[in-house]
Amino acid sequence: MSDPFPDEIDEALWDEACRRADAIRDFLNRRAGSPTNGDVAGLVAALGLSQATAYRLVKLFRAGGTVLSLVDRKRGRPHGHRVLDGKREEIIRTTISRFYLKRNRPTVSHLVREVRTNCISAGLKPPHRRTIMARLEDIDLQRRAKRRGEKKILKATTAVAGSFEVSRPLEVVQIDHTKADIFVVDEETRQPIGRPWLTLAMDICCRMVTGFYLTMEAPSRLSTSLCLLHSVFDKSAWLREREIRESWPVAGLPGMLHVDNGPDFRSHAFKRGCQDAGIAIEWRPPGEPHFGGHIERLIGTQMGKLHLLPGTTFSNAQELGEYDPKRHSALTLRELERYIALDIVGSYHQSIHSSLGRPPIAVWREHEGEIPLRLPQDRMRFWLTFLPEQERTLRPTGIHLFGLRYWSPALSADVGRVRTAACLSNMIRGTWRACLCGGHQEILWKPAMPM
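Be aware that the sequence shown starts at 27, since it is given in our numbering, and climbs by one per residue.
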């Protein structure tokens with residue numbers, strides 16, 4: 027049976043695995059080589075486990091490097107099973123809102139007691155304290171501080187105008203979306219098909235673009251995951267395919283992602299995927315535009331370059347004048363993608379940055395030896411972790427998804443069972459795999475050569 031994906035693990039088990047991962051990461055960062063009995067003693071105390079279990083978890087984490095490798099499988103419920111029913115979820119949500127998020131600032135212990143009392147009154151089994159804590163952690167920290175009048179926390183989570191500095195590349199990466207100021211045309215008919223969306227990722231330390239994704243679809247979990255995939259892995263093959271000779275040396279998992287509050291960045295799959303890969307997330311507080319200043323300035327720069335191309339919409343109607351962008355549009359989506367890539371690696375990375383006083387590529391090269399290169403061990407699984415799922419029942423004629431029918435002899439034994447698209451790929455990955463076909467997002471699964 028294949029391993030579950032992060033968003034299929036119940037809350038209590040996932041929270042405990044995250045706690046273990048944080049402790050082990052800190053332990054391994056402070057010690058090199060094989061841990062001694064004395065070294066492990068502190069970890070044993072921190073996790074409340076036996077020495078043998080601590081040794082086993084360290085070994086598992088070194089081999090897997092993900093939170094998922096530390097999930098307790100023996101005590102867990104079946105994959106995909108949710109811990110709480112809807113009634114208890116509603117009691118927790120209502121109690122947090124009406125009791126905990128108040129100016130008199132009740133403690134977590136008081137909240138746990140109140141939730142248990144309300145559940146017992148309703149004839150329901152009270153949830154575990156960790157489950158209630160997990161629901162609290164899902165609430166934006168700044169929102170909690172405002173509701174409870176916690177001035178110190180509010181001040182600590184509110185940025186002030188000025189510079190935001192980090193010590194090394196890949197410590198913090200910002201991601202954002204924008205609708206491109208240009209119309210593109212169909213590859214066959216050369217007729218305008220609309221304005222594409224651009225998802226960009228940028229490193230804060232050296233201002234290098236770590237990756238991007240261009241699509242005709244509105245921002246979604248899929249476009250975010252594809253941008254992150256492009257950002258994390260080596261881009262040599264990607265550049266060769268587009269006949270681009272300049273280098274793009276950025277690769278590796280970021281330590282933290284700065285993102286806005288869009289639904290794609292708040293999705294369960296995105297949060298679990300980042301946790302599993304050891305990536306922290308910081309969401310931009312609503313109404314605080316300077317939190318994303320770096321990536322927004324980069325997006326503004328990229329849009330300015332597009333204003334030189336046929337089919338541009340410019341930034342406003344005054345600039346547009348009598349120019350008809352649809353009639354003058356000439357570039358296909360793939361041609362625009364290549365133009366953006368060439369501008370990034372051939373111009374932006376090589377030009378002196380006003381804040382750095384040097385080209386971004388020079389700053390990256392200077393720190394290259396200091397960057398702890400972390401890469402997912404399984405490229406396909408890393409991508410699938412972030413993707414949305416669609417459940418379909420396997421019929422005698424195959425799986426019907428996105429208006430298409432899929433079939434493989436490997437599916438014969440499972441006719442009649444419900445499979446998610448992600449599980450399908452993992453189950454028969456020797457024959458099928460997840461892929462992007464011709465830039466069209468709606469085609470997620472198609473026959474492919476064995477991996």
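No residue lacks a Cβ here, since even glycine has one placed at the ideal position from N, Cα and C. Just so you know, these numbers come straight off a predicted model, no measurement behind them.
Fill in: Collapsed DSSP secondary structure at Glu115 in the structure displayed
In this structure, Glu115 counts as helix in the three-state DSSP scheme.
Item to complete: Have a look at Glu37 and Thr157 and give me their C-alpha separation to the nearest angstrom.
Response: Taking C-alpha positions only, Glu37 is separated from Thr157 by approximately 7 Å.
Worksheet item: Of all the options Gly112, Leu127, Ile179 and Gly175, which has the alpha carbon lying nearest to the alpha carbon of Ala148?
Response: Closest by alpha carbon: Gly112.
Fill in: N-terminal and C-terminal residue of the beta strand (DSSP E) that Pro218 is part of
Pro218 to Gly220 is the span of the beta strand (DSSP E), which, as asked, contains Pro218.
Worksheet item: With a cut-off of 8 Å, do at least 3 Cβ pairs link the segment 354-363 to the segment 204-220?
Response: Two segments are said to touch when three or more pairs of C-beta atoms, one from each, lie closer than 8 Å; by this definition the segment 354-363 touches the segment 204-220.
Fill in: Among Met159, Ile165, Glu163 and Ile122, nearest to Asn144 - alpha-carbon criterion
Of the listed residues, the one whose Cα sits closest to Asn144 is Ile122.
Worksheet item: Straight-line CA distance for His136 to Pro153?
Response: Roughly 14 Å between the two C-alpha positions.
Fill in: Own chain partners of Arg46 with C-beta closer than 7 Å, once the 5 adjacent residues on each side are dropped
Cβ within range, chain order: Leu73, Leu83 and Leu96.
Item to complete: Confirm, please, whether the CB-CB distance from Asp286 to Arg13 is below 8 Å.
Response: No answer is possible for residue 13: it lies beyond the span of the chain, which begins at 27 and ends at 477.
Practice prompt. Flag this pair as touching only if the segment 166-181 and the segment 374-384 have three or more C-beta atom pairs under 8 Å; answer yes or no.
Written response: No contact exists between the segment 166-181 and the segment 374-384.
Discussion item. Using CA atoms only, rank isn't needed, just tell me which of Arg88, Asp98 and Ala71 is closest to Asp41.
Written reply: If we check each option's Cα against that of Asp41, Asp98 comes out closest.
Worksheet entry | Own chain residues within Cβ distance below 7 Å of Lys331, not counting five before or after | Closer than 7 Å at the Cβ level, and outside the excluded window around Lys331, lie Asp369.
Worksheet item: Nearest to Arg384 by alpha carbon, out of Cys231, Arg405, Leu399 and Ser273?
Response: Check the Cα spacing between Arg384 and each of Cys231, Arg405, Leu399 and Ser273: the tightest is with Cys231.
Practice prompt. Could you please give the first and the last residue of the uninterrupted alpha helix (DSSP H) stretch that includes Glu392?
Written response: For Glu392, the enclosing alpha helix (DSSP H) starts and ends at Pro386 to His393.
Discussion item. Cutting at 6 Å between CB atoms, please list the residues of its own chain near Phe53, excluding the five before and the five after it.
Written reply: Once the five neighbours on either side are set aside, the close Cβ partners of Phe53 are Leu69.
Item to complete: Could you tell me whether the Cβ atoms of Tyr239 and Ser246 are closer together than 8 Å?
Response: Using a Cβ distance threshold of 8 Å, Tyr239 and Ser246 do not count as a contacting pair.
Worksheet item: Which residue or residues does DSSP assign as beta-bridge partners of Leu427?
Response: Paired residues: Leu430.
Worksheet item: Mind checking whether Ile321 and Met242 have CB atoms under 8 Å apart?
Response: Judged by beta-carbon spacing, Met242 lies beyond the 8 Å limit of Ile321, meaning their Cβ atoms are not closer than that value.
Worksheet item: According to DSSP, is Gly326 helix, strand or coil?
Response: Residue state, collapsed to three classes: helix.
Discussion item. Per the DSSP calculation, Phe238 is bridged to which residue(s)?
Written reply: DSSP, once it has assigned bridges, lists Leu226 as partnering Phe238.
Worksheet item: Is the segment 390-410 in contact with the segment 255-262, if contact means three or more CB pairs nearer than 8 Å?
Response: Cβ pair count under 8 Å is three or more, so yes.
Discussion item. By the three-class DSSP mapping on this structure, what secondary structure does Leu450 have?
Written reply: Low confidence applies to Leu450: its pLDDT is 40, below 50, so where it sits in the model is not reliable, and the reading given next is rough at best. Correct three-state label for Leu450: helix.
Discussion item. Comparing C-alpha positions only, which one of Leu226, Val199 and Arg298 sits nearest to Cys44?
Written reply: Among Leu226, Val199 and Arg298, the Cα nearest to that of Cys44 belongs to Arg298.
Practice prompt. Measure the alpha-carbon distance for Ile50 versus Ala306 and round it to whole angstroms.
Written response: Taking the Cα positions, Ile50 is about 16 Å away from Ala306.
Worksheet item: Just how far apart, CA to CA, sit Ser76 and Gly281?
Response: The C-alpha of Ser76 lies about 30 Å from the C-alpha of Gly281.
Practice prompt. Ignore the nearest five residues each way along the sequence and tell me which others in Ile7's own chain have a CB closer than 6 Å to its CB.
Written response: For residue 7 there is no data in the structure shown, the boundaries of the chain being 27 and 477.
Worksheet item: For His256, does the three-state DSSP call read helix, strand or coil?
Response: Per DSSP, reduced to three states, the secondary structure at His256 is helical.
Item to complete: Go ahead and pull the three-state DSSP assignment for His333.
Response: DSSP places His333 in coil when its eight states are reduced to three.
Worksheet entry | Helix, strand or coil at Glu214 [DSSP, three-state] | Coil.
Fill in: Trp274 in three-state terms, based on DSSP
In the structure shown, Trp274 sits in coil (DSSP, three-state: anything other than H, G, I, E or B).
Worksheet item: Based on the DSSP secondary-structure assignment, which residues constitute the bridge partners of Leu283?
Response: BP columns for Leu283 point to Val199 and Ile307.
Worksheet item: Mind checking Asp207: buried by the 16 CB within 10 Å criterion, or exposed?
Response: When all chains shown are included, Asp207 counts as buried.
Worksheet entry | Backbone CA spacing between Gly220 and Phe209 [nearest angstrom] | Distance between the alpha carbons of Gly220 and Phe209 is about 5 Å.
Worksheet entry | Glu197 versus Leu94: straight-line alpha-carbon distance, rounded | Approximately 22 Å, taken between the alpha carbons.
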